[in-house]
Amino acid sequence: MGHFLARTGLHNRVYRPEFHAALERRFPEHAKALYDEASAHKEGNTRPYYTAKNSSLDFSQAVNSQFWGDRLEEYLAWFVQREWPPAHRILDVGCDNGILTCFYAHYFPDAEVFGIDICPEAIERARELAAKLCLDNVQFHHADALDMPAHLAEKPYDLVASSFVACNIAHPVQGPFASTEECMSNPSDPDLASYAHALSELLAEGGTLVSADGMKSLAAFASWSRALCDSGIEIDWSECDCLSLSEGSDKALYGRPVLIGSKQDGASYQPGDIRALWVMAETQQLGEPIELMGTAAELVFQAMHPKQFVAGVELTLENNRKLRHEVWEYEALAMRHVHFGNGGRLLVLESRLMTPQLVKELDEISQGDPEIVRVERYDSPK
Ligand SMILES: C[S@@+](CC[C@H](N)C(=O)[O-])C[C@H]1O[C@@H](n2cnc3c(N)ncnc32)[C@H](O)[C@@H]1O
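Okay, structure coming up:
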């Protein structure tokens, strides 16, 4: 896989400021156009950005190397360690310059592989890339996933892949930790629903969908999985996974769960592990502790099940208010859960390696604060 990626011109991510300087030196005009479009991109119109990004194949791959190199590599490393049902027709929706599509063609040499994108320049680059890699089982078409031309839609696909496209098409519910129940009771975003419906229409009965669509929040992720189910795709939660899929520029930008589903008659929405999968994705790279407050803290804390209590301390303040600091463990995580006397909550998620340190801190918390009149350690949850 590494060899394949190197042949596409994808290099390991370089440090961002150096990249910008290098990009400007190598591609002065293209880089300026891309930066201009990146500001517009932030305001919601992504199309000119992909036009600018795809002004040449070298430039497109240089941009991929910087911003998405890790993500693409991680996704493909995950992809090849899974077993996939035999696939004869594969569709990569929103293929951009075709790097993933070409990989599918390389990986499934007997399959007919299609890549579509709404950006015509992306399609030109994708064709160039396929020619460079001497692949003859892949074709690219300029098409809108929401309005597929008949010649591409008439025969279904047995593997449909969507990587970081849903978040481009739709503007789903925001709000970092809206509850799963809340998302379930709200209608899903109409654009997400249309995109999910389009994917389902393209998928063969029993075919497999792989959606590595970055979502910015648990709420958005829940809406997306619900939209898929509403359109007849049964998500197989036991097969879903989460990847670190780091973004060069902004790790926190997207959620990284990968959904695996199949088109089934009478698919039903079983939100089961949405929250746990999301939380797992969020906490996968615990370079920095993750801090959640209030309802978010409590929701996530409750989602971590079953978890083990490690130690706790109750502090009584002068005004008789009580605070509890507890250390818990859940799989690879150590958690500091704080109940403030006024009902507030704080949850800090760290690597499990930090448990001894967090327990030690329980002793330190109570030291030297004149407001604390009583300290009580406990060994099972209160
Ligand atoms: C973030 S890029 C993802 C590219 C690639 N799948 C990856 O994972 O790196 C999103 C792509 O989706 C394309 N796109 C957005 N809306 C689309 C639509 N309605 N139909 C087809 N492609 C679309 C964009 O042009 C862009 O190339």
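Following the working numbering, the numbering of the sequence shown begins with 4 at its first residue and continues without gaps.
Ideal Cβ placement from N, Cα and C applies to all residues, glycine included.
Cα-Cα separation, residue 382 to residue 360: 16 angstroms
Residues of its chain near residue 90, where Cβ-Cβ distance is below 7 angstroms and the 5 sequence neighbours each way are ignored: 111, 114, 161 and 162
Residue 5: first and last residue of the uninterrupted alpha helix (DSSP H) it sits in: 5-11
Coarse secondary structure for residue 259, derived from DSSP in three states: coil
Beta carbon of residue 272 nearer than 9 angstroms to that of residue 228: yes
Secondary structure, alpha helix (DSSP H): runs of 4+ residues fully inside the stretch 99-163: 102-110, 123-135 and 153-156
Burial state of residue 255, where buried means 16 or more other Cβ atoms lie within 10 Å: Residue confidence is low: residue 255 scores 42 on pLDDT, short of 50, so the model does not pin down where it sits. Its coordinate-derived value is still stated next. Exposed, since its Cβ has fewer than 16 Cβ neighbours within 10 Å.
Three or more C-beta pairs below 8 angstroms linking the stretch 141-157 and the stretch 96-108: yes
Inter-residue Cα distance where the pair is residue 74 and residue 268: 33 angstroms
Own chain, CB closer than 7 angstroms to residue 198, minus 5 neighbours either side, in chain order: 148, 149, 169, 172 and 173
C-alpha gap between residue 65 and residue 80, whole angstroms: 20 angstroms
Top-ranked residue by Cα proximity to residue 386, from 155, 127 and 373: A question about residue 386 goes unanswered here, because the residues of the chain that appear run from 4 up to 385.
For residue 87, the first and last residue of its enclosing beta strand (DSSP E): No beta strand (DSSP E) holds residue 87; DSSP gives it neither H nor E.
beta-carbon residue 215 near ligand 1 non-hydrogen atom, thresh 8 angstroms: yes
Continuous alpha helix (DSSP H) stretch holding residue 200: start and end: 193-205
Paired residues, beta bridge with residue 95 - DSSP: 118 and 164
Residue span of the alpha helix (DSSP H) that contains residue 53, given as start and end: 50-56
Opening and closing residue of the beta strand (DSSP E) in which residue 336 lies: 336-342
Check whether residue 210 and residue 238 have beta carbons under 9 angstroms apart: no
Neighbourhood of residue 377 by C-beta distance below 7 angstroms, restricted to the same chain and skipping five residues each side: 319
Three-state secondary structure (DSSP) of residue 33: helix
Environment of residue 251 [buried if 16+ CB atoms lie within 10 Å]: Because the pLDDT of residue 251 is 49, which lies under 50, any placement of that residue in the model is unreliable, and the number read from its coordinates should be weighed accordingly. It is buried - the Cβ of residue 251 has at least 16 other Cβ atoms within 10 Å.
Cα-Cα separation, residue 133 to residue 11: 9 angstroms
Check: residue 259 C-beta below 8 angstroms from any heavy atom of ligand 1: no
Closer than 8 angstroms: residue 382 CB and nearest ligand 1 heavy atom: no
Residue 322 Cβ short of 8 angstroms to ligand 1 heavy atom set: no
For residue 317 and residue 266, believed in contact at Cβ under 8 angstroms, the rounded distance: 53 angstroms between Cβ atoms; not a contact.
Bridge partners - residue 331, DSSP secondary structure assignment: 312 and 338
Residue 308, buried or exposed, once every other Cβ within 10 Å from all chains shown has been counted against 16: exposed
Contacting residues, own chain, Cβ-Cβ under 6 angstroms from residue 190 (five flanking each side not counted): Because residue 190 sits at a pLDDT of 49, beneath the cut-off of 50, its placement in the model cannot be relied upon, and the point is left open.
Residues of its chain near residue 186, where Cβ-Cβ distance is below 6 angstroms and the 5 sequence neighbours each way are ignored: Here the model assigns residue 186 a pLDDT of 46, short of 50, so the residue's position is not dependable, and the following value carries that caveat. Result list for residue 186: 222, 225 and 226, in chain order.
Neighbour-count burial assignment, residue 374, 16 or more Cβ in a 10 Å radius: exposed
Pairwise C-alpha distance: residue 379 and residue 201: 58 angstroms
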